[in-house]
Every structure is written in structure tokens, then in C-alpha cells.
Amino acid sequence: MFRSLRARLLLTHMLVSALVLILVAVSLLVFLINSRQLDELTTRRLRGAAELVAERGPRVLQFLGTDRLNAAFRNLGVPNARGMIVGQEGAILNDTRPGDEPPPADVIQAAASRDPDTHGGYGGLFNRWLYVAQPLGEGRSLLLLAPRPNPVAAIGQELLLPLILRAALVALAASLVLAWLISRWVSAPLKKTAEAARSVAAGDYDQRLAPSGPDEAHSLATSFNEMVQQVQGSQQAMRDFVANVSHDLRTPLTSIQGYAQAILDGTASDVKNAAGVIYDESDRLGRLVEQLLDLARMDAGQAPLDRRPVDLGAILAAIVERLKLKADKKNIRIQNPMEPLPKLIGDGDRLAQVFTNLIDNALKHTPEGGEVRLKTEVSSGWVAVHVDDTGPGISSEDLSRIFERFYQLDKSRSGSGPRGAGLGLAISREIVQAHGGSLEAQSVVGRGSRFTVRLPIVQPDDETLARPQRQ
0 MFRSLRARLL LTHMLVSALV LILVAVSLLV FLINSRQLDE LTTRRLRGAA
50 ELVAERGPRV LQFLGTDRLN AAFRNLGVPN ARGMIVGQEG AILNDTRPGD
100 EPPPADVIQA AASRDPDTHG GYGGLFNRWL YVAQPLGEGR SLLLLAPRPN
150 PVAAIGQELL LPLILRAALV ALAASLVLAW LISRWVSAPL KKTAEAARSV
200 AAGDYDQRLA PSGPDEAHSL ATSFNEMVQQ VQGSQQAMRD FVANVSHDLR
250 TPLTSIQGYA QAILDGTASD VKNAAGVIYD ESDRLGRLVE QLLDLARMDA
300 GQAPLDRRPV DLGAILAAIV ERLKLKADKK NIRIQNPMEP LPKLIGDGDR
350 LAQVFTNLID NALKHTPEGG EVRLKTEVSS GWVAVHVDDT GPGISSEDLS
400 RIFERFYQLD KSRSGSGPRG AGLGLAISRE IVQAHGGSLE AQSVVGRGSR
450 FTVRLPIVQP DDETLARPQR Q
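Read left to right, the sequence shown gives residues 0 to 470 (numbering that gives the first Met the number 0).
Next comes the structure, spelled out in C-alpha cells:
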């Protein structure tokens with residue numbers, strides 16, 4: 000539930016805040032429940048003030064005046080205190096606040112008893128008065144009373160403030176510990192990712208991360224592994240490409256060089272045949288270079304499609320007619336149902352390039368006397384063209400990588416003819432995907448293969464219809 004980093008950070012802050020509130024609430028509750036602490040504090044202050052008045056003489060209650068007397072009590076920590084001189088029979092001889100309601104009779108009688116330890120309180124929780132009695136000479140007693148301070152104020156000023164500070168320190172320590180644990184928990188997989196990235200940058204493509212930590216770190220590790228695997232695959236494909244291309248370049252160049260040298264030396268028995276070989280090999284080199292340039296332009300986004308209304312049926316018929324001679328040489332029959340197909344919006348030349356490559360590959364991998372079949376389907380806004388052959392088929396391992404750039408099949412699939420650079424299918428898929436379609440392959444070893452092109456049926460707009468169509 001709390002796997003994501005955001006959720007865990009939020010939970011941590013909530014826990015720290017709740018911890019602070021709980022500590023403060025517990026401190027407040029303990030103090031309110033044990034209010035004797037507040038009573039004892041006020042009683043001690045009253046006792047100190049009573050002893051001071053007794054030392055100075057009870058007449059100070061008469062001669063200091065109300066303002067100065069209140070100031071003195073306030074300085075002694077008992078603001079709003081009230082002083083009374085009580086006789087032996089409980090008579091009130093002097094009162095600093097005669098206009099106020101007198102204390103209960105039992106309080107007056109307790110003061111008149113002249114017990115030096117007389118103290119206590121009366122009233123409710125929020126209207127409580129505390130008092131102390133101090134014996135004086137001549138049978139008199141000093142009764143000093145003060146309202147218990149407001150609990151909240153007293154808590155804040157005297158008792159709760161230290162508790163709050165302690166709670167804050169505990170909460171701060173807890174938050175630091177939690178922050179350290181979370182930072183370590185989060186940073187550990189990130190540090191591992193950084194170390195692995197440095198290793199990959201140094202050329203070690205076998206680095207993999209074990210997903211751990213929050214969801215974000217887990218997702219990062221998974222993405223990193225996928226990236227490294229793709230980079231590793233690309234590097235391997237590039238190495239294979241360099242080896243294959245160097246071979247593909249070396250072979251025709253060797254032929255061209257050898258036959259050209261023979262012509263120059265006059266040792267060529269058949270100059271026309273030698274020139275033909277040079278021409279064919281140079282044409283092969285030209286196709287390879289054109290494929291490389293084509294792929295580079297696609298990657299750079301410099302090969303835009305010239306979208307126009309396209310008659311797909313006519314394109315397929317023209318390709319079949321153009322490749323008929325090649326099929327006849329191997330006694331291969333090409334079946335094209337010539338079914339009517341809806342017009343598409345696309346680049347006719349590029350689509351012709353795709354189907355030429357697919358049909359030409361099918362002829363190349365179909366043995367003599369075999370068959371290449373074209374099938375078309377139209378449904379739900381899509382048109383599908385299947386190119387089936389009766390060749391040796393493609394293994395599942397090769398089939399999963401057949402559209403990778405520079406990937407080449409083994410010799411048993413490639414046949415005896417010249418091998419390409421492994422770019423034709425990659426380029427074809429790029430073209431089909433640029434049209435919003437898909438190119439897929441299916442195969443059964445020993446029975447043949449099927450390549451399927453699916454293209455969306457898009458209605459042409461007025462601007463597209465207004466363009467002149469190329470012949």
C-alpha cells in the first residue's frame with residue numbers, strides 16, 4: 000500500500016506530526032489529571048509571601064495601598080492575592096479586598112486556629128482559590144488567598160513548556176532517525192544504479208540491478224535493466240553488422256578489383272563477362288549503400304511520406320509482374336487473387352518498396368517448384384496483405400529478432416544466393432509503422448513463413464484528392 004516513495008514520505012511526516020501531538024496531548028493530560036502540582040506550586044508561593052508579610056509586619060497590608068500591594072504579590076508569583084488578618088474568634092480584622100465575597104467560614108476558622116501548617120483550597124476546577132495561614136502575635140493570624148492561575152496559562156508558563164520542549168526534542172530525534180532510515184533506504188538503490196551506469200558507460204554491458212526499495216526505485220531498476228539489455232543487443236547487432244557489411248563489401252570489391260585488373264592486364268578471356276560481373280557487383284554495392292542511407296534518413300526524420308490516394312491492388316499486381324521472370328527461373332508460381340481493395344492514403348513508392356522486399360524475400364527462400372501466395376483481407380477499417388512462402392521456415396529464435404536492424408538469418412534460411420545486410424525488413428517495418436500500420440511475421444519450420452502487412456483505411460480529404468497523382 001505504501002510502496003511508493005511519495006506515499007512513504009507522506010506517511011513519515013504524518014507519523015512525526017502524530018508523535019508530536021501525542022506527546023503534547025499526553026503531557027497536557029497528565030498535568031490536568033495531576034493538578035496537585037499546580038496547587039502545590041501556588042501554595043508554595045503563597046507560603047513564601049505570607050512569611051515575608053509576617054516578617055515585615057501585618058501593617059504592610061494597610062499602608063502599602065492596593066496598587067503597590069498587588070504589584071508586590073505579583074512579584075512574589077501570586078497575582079491577585081488577597082490578604083486578611085483574622086482574630087482568635089474568627090473575626091476579620093483587616094481585608095485588602097473588603098468588597099469581595101469572603102472565603103467560606105471553615106477557611107476563616109482554620110486560619111483562626113493558628114496552626115502554622117494551615118493551607119488548602121476551595122471552589123471548583125476553574126474557580127479554585129488556594130490559601131495559607133501564618134500565625135502572628137497577639138492571637139492573630141494572616142490569611143493569604145490567591146486564585147489558582149488559569150490552567151492553560153500555568154501549563155504554558157511553568158510546567159508544560161518544559162514538557163513541550165522535551166516532546167519537541169523527542170519528535171526531532173525521531174524525525175531525524177526516520178529521515179536517515181528513509182534516505183538510506185531510498186539512496187541505496189540509487190547509488191547502485193549510479194555505479195551500474197558508470198560500469199555500463201565503461202563498456203560492461205553485463206550489469207544488472209536487483210529491483211529493491213520504493214516503487215520508483217524498483218521501476219528505475221527495471222527500466223535500467225531493459226535499457227542495458229537493449230544497448231547490449233544493439234551493440235551485438237552493430238558488431239554483427241560491421242562483420243557482415245565488411246564481408247558484403249569485401250566480396251564484391253574483391254570481384255570488381257580482380258576482374259578490373261584482368262581487363263587492364265589483358266588476361267580476361269571474356270571481357271564482356273568480366274564487365275558484367277563488375278556491373279552486377281557495383282549494383283549490389285549501390286543497393287547496400289542506398290539501404291544504409293535510407294535507414295539513416297528515417298532515423299533523422301528526413302524521409303517524409305508523400306501521402307496520396309493509393310491503389311494497393313495495382314501496386315501488388317505491378318510487383319508480381321516485375322518479379323515474374325525471377326520466379327520463372329526457379330519454377331515458382333506466384334498466386335495473386337487480384338481482389339478489389341479499397342484505396343488507401345499513403346506513399347505509393349514506399350509501399351511498393353515494402354511489398355517488393357517481402358515478395359522478393361519469399362522468392363529467395365522458396366525452393367524450386369515452390370509457391371508464393373498473396374492473400375488480402377479487409378475488415379474493421381483495416382486492410383491486411385499476407386505474403387506466404389513454402390520455404391524452410393524460420394526458427395522461433397530468429398523470428399523474435401527478424402526485424403532487428405542488421406540481423407541476418409543463418410545460411411540454411413538465407414539459401415545459396417547472396418546475403419543482404421539485414422536491413423530490408425527493418426526498413427519495411429519502419430515504412431509500415433510510419434503509415435500507422437504493422438508488419439508481423441509467423442513461421443513454422445519446414446512448412447514456410449507468412450509476413451502480414453496491416454494498413455489503416457483512411458478516407459482522403461479534399462487537399463489530398465486535389466494533389467496530382469504520380470503515374
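Beta carbons: idealized from backbone N, C-alpha and C, even for Gly.
In whole angstroms, give me the CA-to-CA distance for L252 and T365.
As a working mapping, residue 252 is identified with position 253 in the sequence shown. As a working mapping, residue 365 is identified with position 366 in the sequence shown. Approximately 29 Å between the Cα atoms of the pair.
Straight-line CA distance for R404 to R332?
Reading the sequence shown from its first residue, position 405 is the one you call residue 404. Reading the sequence shown from its first residue, position 333 is the one you call residue 332. Cα to Cα, R404 sits roughly 30 Å from R332.
Could you check the C-alpha separation between A172 and L22 for me, to the nearest Å?
Position 173 of the sequence shown, counting from 1, holds the residue named residue 172. Position 23 of the sequence shown, counting from 1, holds the residue named residue 22. One C-alpha to the other measures close to 13 Å.
Going straight from the alpha carbon of T355 to that of S254, what length do you get?
For this step, residue 355 is matched to residue 356 along the sequence shown. For this step, residue 254 is matched to residue 255 along the sequence shown. So the alpha carbons of these two residues sit roughly 27 Å apart.
Alpha carbon to alpha carbon, what distance is there between L373 and L322?
Translated into positions along the sequence shown, residue 322 becomes position 323. Translated into positions along the sequence shown, residue 373 becomes position 374. Near 13 Å, if we compare the C-alpha coordinates of L373 and L322.
Less than 7 Å between the C-beta atoms of R453 and S437, yes or no?
The residue labelled residue 453 in the question sits at position 454 within the sequence shown. The residue labelled residue 437 in the question sits at position 438 within the sequence shown. In this structure, S437 lies closer than 7 Å to R453 by Cβ.
Tell me which same chain residues have a C-beta within less than 8 Å of the C-beta of Y258, skipping the five on either side of it?
For the purposes of this step, residue 258 is identified with residue 259 of the sequence shown, where counting begins at 1. The answer, listed in chain order, is A267, A273, A274, V276, I277.
Excluding the 5 residues flanking V319 on each side, which residues of the same chain have their C-beta closer than 6 Å to its C-beta?
Here residue 319 corresponds to residue number 320 of the sequence shown, with the count starting at 1. So the list reads I333, N335, once near-sequence residues are dropped.
Nearest-angstrom Cα distance between R147 and A80?
Here residue 147 corresponds to residue number 148 of the sequence shown, with the count starting at 1. Here residue 80 corresponds to residue number 81 of the sequence shown, with the count starting at 1. Cα to Cα, the separation comes out at about 10 Å.
P308 in three-state terms, based on DSSP
If you number the sequence shown from 1, residue 308 lands on position 309. Strand, per DSSP.
Would you grab the beta carbon distance between V386 and L357 for me? Rounded to a whole angstrom, and I think it's under 8 Å.
If you number the sequence shown from 1, residue 386 lands on position 387. If you number the sequence shown from 1, residue 357 lands on position 358. Contact flag correct, Cβ pair sits at about 5 Å.
Uninterrupted beta strand (DSSP E) stretches inside the region 324-356 (no shorter than 3 residues)
332-334, 343-345
I need the straight-line Cα distance from Y406 to L422, nearest angstrom please.
Translated into positions along the sequence shown, residue 406 becomes position 407. Translated into positions along the sequence shown, residue 422 becomes position 423. Going by the C-alpha atoms only, they are around 7 Å apart.
Between the region 133-143 and the region 68-86, do three or more beta carbon pairs fall short of 8 Å?
yes
Just tell me which of L304, T221, A351, V288 has its CA closest to the CA of A313.
On the sequence shown, residue 313 is found 314 positions in, with the first residue counted as 1. The candidate whose alpha carbon is nearest that of A313 is A351.
Pull up the DSSP beta-bridge partners for N93, would you.
Residue mapping note: residue 93 aligns to position 94 of the sequence shown, counting from 1. In the DSSP assignment, the residues bridged to N93 are I84.
Unbroken alpha helix (DSSP H) runs of length 4 or more, entirely within the region 381-411: which are they?
At a cut-off of 4 residues, the continuous stretches assigned as alpha helix (DSSP H) that sit fully inside the region 381-411 are 395-398.
Spatial neighbours of L208 within its chain, please: CB distance less than 7 Å, with the 5 preceding and 5 following residues excluded, ordered by chain position.
Start at 1 with the first residue of the sequence shown, and residue 208 comes out as number 209. K191, T192, A195, A220, F223, N224, listed in sequence order.
Measuring only the C-alpha atoms, how far is R73 from I181?
Along the sequence shown, one-based indexing puts residue 73 at 74. Along the sequence shown, one-based indexing puts residue 181 at 182. The straight-line gap from Cα to Cα measures roughly 51 Å.
Based on DSSP bridge pairs, tell me the residues matched to V227.
In the sequence shown, residue 227 corresponds to position 228, counting from 1. Answer by DSSP bridge pairing: none, since V227 is not bridged.
Proximity winner among P101, R43, A317, R400, relative to E439 (alpha-carbon distances)
As a working note, residue 439 is residue 440 in the sequence shown. Nearest option by C-alpha distance: R400.
Identify every residue that forms a DSSP beta bridge with K374.
Against the sequence shown, residue 374 aligns to sequence position 375. According to DSSP, K374 shares a beta bridge with H385.
Is Q206 helix, strand or coil by DSSP?
In the sequence shown, the residue the question calls residue 206 occupies position 207. Of the three classes helix, strand and coil, the one that applies to Q206 here is coil, per DSSP.
From the DSSP output, in three-state form, read off G155 for me.
One-based indexing of the sequence shown puts residue 155 at position 156. Confidence is the limiting factor: at G155 the pLDDT is only 49, short of 50, which leaves the residue's position unreliable, though a coordinate-based value still follows. It is helical.
If we ignore side chains and look at the alpha-carbon of each, how far apart do I426 and L263 end up?
If you number the sequence shown from 1, residue 426 lands on position 427. If you number the sequence shown from 1, residue 263 lands on position 264. Going from the Cα of I426 to the Cα of L263 covers about 39 Å.
Using a Cβ-Cβ cutoff of less than 6 Å, which residues in the same chain neighbour V384 once the five nearest sequence positions on both sides are dropped?
Counting from 1 along the sequence shown, the entry for residue 384 is found at position 385. Only T375, V452 meet the Cβ criterion.
Name the DSSP bridge partner or partners of Y130?
Position 131 of the sequence shown, counted from the first residue, corresponds to residue 130. Note: Y130 sits in a beta bridge opposite G119, L144.
Starting from S427, trace the alpha helix (DSSP H) both ways and give me its first and last residue.
By 1-based counting over the sequence shown, the position of residue 427 is 428. Counting along the chain, the alpha helix (DSSP H) containing S427 begins and ends at 423-433.
Between H217 and the rest of its own chain, which residues show a CB-CB distance below 6 Å, the 5 nearest in sequence each way excluded?
As a position in the sequence shown, residue 217 is number 218, starting the count at 1. If we look at H217 and ignore the five residues flanking it on each side, its Cβ neighbours are P210.
Using alpha carbons as the reference points, say which of D105, Q432, V131 lies closest to D38.
Here residue 38 refers to the residue found at position 39 of the sequence shown. Closest by C-alpha distance to D38, out of D105, Q432, V131, is V131.
Using three-state DSSP, classify T365 as helix, strand or coil.
Position 366 of the sequence shown holds residue 365. In the structure shown, T365 sits in coil (DSSP, three-state: anything other than H, G, I, E or B).
Residue interval of the beta strand (DSSP E) (run including V106):
The count along the sequence shown starts at 1 and reaches residue 106 at position 107. Careful: V106 lies outside any beta strand (DSSP E), inside the alpha helix (DSSP H) at 104-111.
Do you know offhand how far V15's Cα is from L168's?
Counting from one through the sequence shown, the residue named residue 15 turns up at place 16. Counting from one through the sequence shown, the residue named residue 168 turns up at place 169. Near 12 Å, if we compare the C-alpha coordinates of L168 and V15.
Roughly how many whole angstroms lie between the Cα atoms of L10 and L177?
Residue 10 sits at position 11 when you count from the first residue of the sequence shown. Residue 177 sits at position 178 when you count from the first residue of the sequence shown. Computed Cα separation, rounded: 11 Å.
Identified DSSP bridge partners for L438
On the sequence shown, position 439 is the one that residue 438 refers to. DSSP, once it has assigned bridges, lists V452 as partnering L438.
Q87 versus G123: straight-line alpha-carbon distance, rounded:
Translated into positions along the sequence shown, residue 87 becomes position 88. Translated into positions along the sequence shown, residue 123 becomes position 124. Approximately 29 Å between the Cα atoms of the pair.
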